[in-house]
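In the numbering used here, the protein residues as written are 98 to 252.
Since the structure comes first, as structure tokens, the remarks are kept for the end.
Written out as structure tokens, the structure is:
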């Protein structure tokens, strides 16, 4: 089943922001439904959108990315809209382990989640089609695996 989109015809730029916020809330909710305490980080344009308590020893930093076009992006720092100067230098960057631990992709058409360790994206391009990310689809155990690896590094 596909979810309805913007049936009230909110202006495109405004709806893009609302839709991104909805993807973040869906991602946080799906983490909680999977059994992980999760909180949204209320800092706009931060390097991560949520934190997940995996094992009472490790909080994972989660960057939540919505997919409305069939692919998940791995970059931040870009903005669009009428108020954005096209002459300003680009602030685009690809997420790295210094920024977050997990990219959580939310398929905007059905709510499926793709749990992607940020280390895995380092040799990829700026985005990837969800058809090529099936090993990450609903793979919530990756949160535990990433937390274990990070705990081993810090011990």
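Built from N, CA and C at the ideal position, the CB exists for glycine as well.
Per DSSP, what kind of secondary structure is residue 204 in: helix, strand or coil?
Residue 204 falls in the strand class under three-state DSSP.
Thinking C-beta only, is residue 202 closer than 9 angstroms to residue 163?
Taking 9 angstroms as the cut-off, the Cβ atoms of residue 163 and residue 202 count as close.
Residue 135: first and last residue of the uninterrupted beta strand (DSSP E) it sits in
135-137
N-terminal and C-terminal residue of the beta strand (DSSP E) that residue 153 is part of
From DSSP, residue 153 is part of no beta strand (DSSP E); its letter is neither H nor E.
May I ask you to verify whether the stretch 220-235 touches the stretch 106-126, counting CB pairs closer than 8 angstroms and requiring at least 3?
no
First and last residue of the uninterrupted alpha helix (DSSP H) at residue 169:
That residue, residue 169, is in no alpha helix (DSSP H); its beta strand (DSSP E) goes 168-170.
Output the distance between the C-alpha atoms of residue 137 and residue 248, rounded to the nearest integer angstrom.
A direct Cα-Cα distance of roughly 22 angstroms separates residue 137 from residue 248.
Roughly how many whole angstroms lie between the Cα atoms of residue 218 and residue 171?
7 angstroms
Exposed or buried, what is residue 134 when buried is set at 16 or more other beta-carbons lying within 10 Å of its beta-carbon?
Exposed, because fewer than 16 other Cβ atoms sit within 10 Å of the Cβ of residue 134.
Roughly how many angstroms lie between the CA atoms of residue 159 and residue 198, to the nearest whole one?
If you draw a straight line from the Cα of residue 159 to the Cα of residue 198, it comes to about 6 angstroms.
Taking only the alpha-carbon atoms, compute the straight-line gap between residue 153 and residue 230 and give it to the nearest angstrom.
29 angstroms
Residue of 111, 144, 139, 251 minimising C-alpha distance to residue 189
144
With DSSP as the reference, label residue 193 as helix, strand or coil.
coil
Alpha carbon to alpha carbon, how far is residue 151 from residue 246?
Linking residue 151 to residue 246 through their CA atoms gives a straight-line distance of about 12 angstroms.
Name the one or two DSSP bridge partners that residue 147 has.
137, 159
Determine the extent of the alpha helix (DSSP H) in which residue 251 is found, giving its start and end residues.
238-251
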